Amino acid sequence: MANSTHKIYLVAGATRGLGLALVAEIAATDPSAIIYAGGRNPPGATLLVELAARYPGRVVPVKYIAADKEGNEALAKEISAKHGRVDTVIANAATGSDLAQIHETTIETYKEHFSVNTIGPIVLFQAFRDLLKASPLPRFIPISSGAGSIAMIESTPVETSAYSMSKAALNWVTRKIHYENEWLVAYPQCPGAVDTDMFKGFIATEKTGTMKVVFEKYPQRQPDEAARMLVTAITTSTREGDGGQFHNVEGGRHPW
């Protein structure tokens, strides 16, 4: 097993964009960290493979598929055998596509978003709950979005109905996890507008121009900048000060 001074992380959805930047930031700023970086096809993720080579034994690419119960449980067993615990789980894996109003969005699109963005973190939490409970300071942090704020529908009228619905549900789930597990730090974390493939996809497919609202209200950040802010927030978070709240990237709180 790893030395007790090591901090064991799992970042789900870590092969590119914000997830990859989170892994890089943790590795660069915490020499005690061992980071399991999850993705659908880790050997094919060139940037993750290069990062693992830069931090041998500290960045560990692993297979992770959102909402895959058997796969998540197998990964938990693998990490348990080596370390006996996980200190921080960051549920970053997500999907986002098809900018359209509700009447234009297919039911299959809703199902896909709900499966990856909501059920995925639930399956992940269920698989890793016992390992988190073995940590002296456990954290379960799903990456959410201000697009999932019901209170902000009018002020930020983006047409991301499937994505927003799934993130709103994720917010509820994470807050409920907070109240059901008094030993855990758990809260949904919004990264802000990050220049990722998903964000570019939203812009490319929009029909109404509503993404301009996002550009005007929220500055776009590069993944490494957002990751620096998020890692600082996550690694200093406490149950008393942060648990069960909807965090924005600047350190404030989004309305539900």
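Just so you know, the sequence shown maps onto residues 7 to 262 in my numbering. Ideal Cβ positions, reconstructed from N, Cα and C, are used throughout, including at glycine. Because the structure is a prediction, the values reported are computed rather than measured.
With 16 other CB atoms within 10 Å as the buried threshold, where does residue i fall?
i, result
"PRO67", "buried"
"THR21", "buried"
"ASP104", "buried"
"GLY126", "buried"
"HIS109", "exposed"
"TYR185", "exposed"
"GLY249", "buried"
"THR124", "buried"
"THR180", "buried"
"ILE156", "exposed"
"PRO142", "exposed"
What residues in its chain sit with their C-beta under 7 Å from that of residue i, if we drop five residues either side in the sequence?
i, result
"SER38", "THR11, HIS12 and LYS13"
"ARG234", "GLU31"
"TYR61", "ALA33"
"LEU53", "ARG22 and LEU26"
DSSP beta-bridge partners for residue i?
i, result
"HIS253", "GLN195 and ARG259"
"LYS2", "The requested residue 2 does not occur in the structure, where the chain is confined to residues 7 to 262."
"ALA18", "GLY44 and ALA97"
"GLY83", "The residue asked about is misnamed: residue 83 is Lys in this sequence, not Gly. Answer by DSSP bridge pairing: none, since LYS83 is not bridged."
"PRO67", "ALA43"
"ALA133", "Paired residue(s): none; ALA133 is not in a bridge."
"PRO148", "ALA97"
"ARG91", "The partner list for ARG91 (beta bridge, DSSP) is empty, contrary to what the question assumes."
"THR166", "ALA106"
"ARG227", "VAL200"
What separation, rounded to the nearest whole angstrom, lies between the Cα atoms of residue i and residue j?
i, j, result
"VAL237", "GLN107", "34 Å"
"ASP36", "VAL29", "11 Å"
"ASN187", "LEU57", "34 Å"
"THR94", "ALA43", "12 Å"
"GLY23", "PRO229", "6 Å"
"ALA72", "LEU130", "8 Å"
"GLY198", "THR101", "16 Å"
"THR112", "LEU26", "30 Å"
"PRO261", "PRO194", "12 Å"
"GLY247", "GLU256", "15 Å"
"TRP178", "GLU84", "29 Å"
"ALA59", "TYR224", "35 Å"
"GLU160", "GLN226", "21 Å"
"ASP74", "SER121", "10 Å"
"HIS119", "ALA99", "11 Å"
"HIS90", "ASP136", "Note that residue 90 corresponds to Gly in the displayed sequence, not to His. Approximately 9 Å between the Cα atoms of the pair."
"GLY258", "THR242", "14 Å"
"GLU79", "GLN132", "9 Å"
"PRO139", "ILE40", "Correcting the residue identity first, residue 139 is Lys in this sequence and not Pro. Cα to Cα, LYS139 sits roughly 18 Å from ILE40."
"VAL65", "MET158", "37 Å"
"LEU16", "GLY63", "14 Å"
"LYS117", "PRO144", "31 Å"
"ALA51", "SER86", "25 Å"
Which residues in the same chain have their Cβ closer than 6 Å to the Cβ of residue i, if we skip the five residues on either side of it in sequence?
i, result
"SER151", "LYS173 and CYS196"
"ILE240", "ILE147"
"THR115", "ASP104 and ALA168"
"PHE134", "ALA82, VAL92 and VAL95"
"ALA97", "ALA18, PRO127, LEU130 and PRO148"
"GLY245", "Before going on, a small fix: residue 245 reads as Arg here, not Gly. These residues qualify, in order along the chain: VAL191."
Determine whether the Cβ of residue i lies closer than 8 Å to any Cβ atom of chain D.
i, result
"ILE128", "Here chain D cannot be found, since the structure has a single protein chain."
Under 8 Å Cβ to Cβ from residue i, same chain only, skipping five residues before and after it: list those, please.
i, result
"LYS69", "GLY44, GLY45, ARG46, ASN47, PRO48, GLY77 and LEU81"
"ALA292", "This structure gives no information on residue 292, because the portion of the chain shown stretches from 7 to 262."
"LEU176", "ASN123, THR124, PRO127, PRO148, SER150, GLY154 and PRO194"
"VAL55", "PRO48, PRO49 and PRO67"
"ALA232", "LEU24, ALA27, PRO197, GLY198, VAL200 and VAL255"
"HIS253", "TYR193, PRO194, GLN195, CYS196, ALA239, ARG259 and HIS260"
"ARG183", "Checking the displayed sequence, the identity of residue 183 turns out to be Ile instead of Arg. Answer for ILE183: PHE131, PHE146, LEU190 and ALA192, listed in chain order."
Just to confirm, does residue i get its C-beta within under 7 Å of one of the non-hydrogen atoms of the ligand GDP?
i, result
"LYS173", "You won't find the ligand GDP in this model; it holds no ligand whatsoever."
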